[in-house]
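Protein chains in written order, with this note's numbering: chain A, 7 to 179; chain B, 7 to 179.
Here a beta-carbon is modelled for each residue, glycine too, at the ideal position from N, C-alpha and C.
The model shown is predicted, which means the values in this text are computed figures rather than measured ones.
A short write-up of the structure that comes next.
There are 2 protein chains.
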Amino acid sequence: MNEKTLKEEIIYKGKILNLKKVDVLLDTGVESVREIVEHKGAVAIVVFKENKFLFVKQYRKAFDEILTEIPAGKLEEGENPYDCALRELEEETGYIAEDMELMQIIYPTPGFCTEKIYLYNASKIKKGNVRFDVDEDLTSEWIEKKEVIRMVSNGDIKDGKTIIGVVLYTLLL
Amino acid sequence: MNEKTLKEEIIYKGKILNLKKVDVLLDTGVESVREIVEHKGAVAIVVFKENKFLFVKQYRKAFDEILTEIPAGKLEEGENPYDCALRELEEETGYIAEDMELMQIIYPTPGFCTEKIYLYNASKIKKGNVRFDVDEDLTSEWIEKKEVIRMVSNGDIKDGKTIIGVVLYTLLL
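As structure tokens, this is what we get:
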């Protein structure tokens, strides 16, 4: 199973993503077009302490909704995922992780996007300083594990990386 | 928390997605740009029978990798998610669901994309006919639950909707 690239066309080069159109030849002999969003990748951090998970509430323009998500952020050019996770956690929540473990590397939408999310678990944290990006506006919140599982099962938590983070943590650790 | 639209520009209208650039004004007074991928949405189906989950193996151009995923597919214009799930399950695996339950509606990448994934659980299935889309090339496979949990925890299963489907099924049902 493979798809050979026949032609590639860059449609758009942007701030957080690029878009390209790729003409491909399948092993079956069929030709098709793949629209591929190029994304630098992101990190997300599961923080669990005293039976509570740490979340941020953030407005998301794509849905015109305020979503409950685990702390997360995009990789900067050349940035190491671990350093990015440390930075984003402190920027968004004011906590500094003293140690983090890579739980999983997730492909959230492999059908059309190259984004990988590096999912970390920060087991030991201490107080630092909240410093949002200039175009971020969010609040952080601790929620009891039992309530989090209820929010996942009834659909109050909709964000993919957040569901994966809390459910994997609950199931595997 | 809100972001007012100041200007919207359509960059690209495509086969499976559109791209737009939106100038926004945050409640904090800051102006920013959001790059938003518009996507019609998708379905994914968890099938569990005799202690095994049903998967498809499919080449994904975005990663140049063959991924293990639960059966899934994109909504056609105006299509009901339930009908889409029925259709995609039979097309990709040859099984007809006699009943399906909506487990969850997931936002896989709310930071930049409008895609919603309707996640179903098909509890009763019977044999139908495999009929791939002309530009699809995939194989289906049953895998034991214990092996699936191992594949999720060691990173052999990377696809977001697949991790959510099998882990939520295992944790909640």
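Contact set for residue i: own chain, Cβ-Cβ below 6 Å, skip 5 residues either direction
| i | result |
| --- | --- |
| A128 of chain A | I51, V53, A103 and M106 |
| D165 of chain A | L73 and E75 |
| L32 of chain A | E9 |
Buried versus exposed, by CB contacts within 10 Å (16 or more), residue i
| i | result |
| --- | --- |
| G79 of chain A | buried |
| R40 of chain B | buried |
| I111 of chain A | exposed |
| T99 of chain A | buried |
| K122 of chain B | buried |
| F138 of chain B | exposed |
| L95 of chain B | buried |
| T34 of chain A | exposed |
| K167 of chain A | buried |
Beta-carbon contacts of residue i that lie in its chain and below 7 Å, excluding the five residues immediately before and after
| i | result |
| --- | --- |
| I16 of chain B | N24 and K26 |
| V173 of chain B | V158 |
| E150 of chain A | N57 and K58 |
| K19 of chain A | none |
Best match in the options for proximity to residue i [C-alpha to C-alpha]
| i | options | result |
| --- | --- | --- |
| L60 of chain A | A:L178, A:N160, A:T145 and A:R156 | A:T145 |
| V158 of chain A | B:L32, B:E147 and B:G171 | B:G171 |
| K132 of chain A | A:L92, A:F69, A:G20 and A:T176 | A:L92 |
| L108 of chain A | A:C119, A:D89, A:Y101 and A:G117 | A:D89 |
| P116 of chain A | B:L32, B:I169, B:E14 and B:T176 | B:I169 |
| D141 of chain A | A:E71, A:Y113, A:K67 and A:D162 | A:K67 |
| T120 of chain A | B:N160, B:G161, B:F69 and B:E85 | B:F69 |
| H45 of chain A | A:Y113, A:E14 and A:Y101 | A:Y113 |
| F118 of chain A | B:K55, B:E56, B:Y175 and B:E71 | B:E71 |
| Y175 of chain A | A:E83, A:K19, A:K55 and A:I22 | A:K55 |
| D143 of chain A | A:V49, A:E97, A:G20 and A:K19 | A:E97 |
| V136 of chain B | B:Y101, B:G20, B:I163 and B:I155 | B:Y101 |
| K21 of chain B | B:E14, B:E83 and B:V49 | B:E83 |
Residue i vs residue j beta-carbon contact at 7 Å
| i | j | result |
| --- | --- | --- |
| Y124 of chain B | P87 of chain B | yes |
| E81 of chain B | G47 of chain B | Correcting the residue identity first, residue 81 of chain B is Leu in this sequence and not Glu. Closer than 7 Å, so yes. |
| V185 of chain A | V43 of chain B | The structure shown does not extend to residue 185 of chain A, since chain A is modelled only from 7 to 179, so the question has no answer here. |
| M7 of chain A | Y65 of chain B | yes |
| K63 of chain B | W148 of chain B | no |
| L177 of chain B | L177 of chain A | yes |
Own chain, CB closer than 8 Å to residue i, minus 5 neighbours either side, in chain order
| i | result |
| --- | --- |
| V30 of chain B | E9, K10, T11, L12, E37, S38, V39 and R40 |
Residues that DSSP places opposite residue i in a beta bridge
| i | result |
| --- | --- |
| A50 of chain A | A:A78 and A:L125 |
| C119 of chain B | B:V43 |
| A103 of chain A | A:I131 |
| N24 of chain B | B:K19 and B:E44 |
| Y113 of chain A | B:D165 |
| I149 of chain A | A:F59 |
| K10 of chain B | B:L31 |
| L73 of chain A | A:Q64 |
| L95 of chain B | L95 of chain B pairs with nothing; no bridge assigned. |
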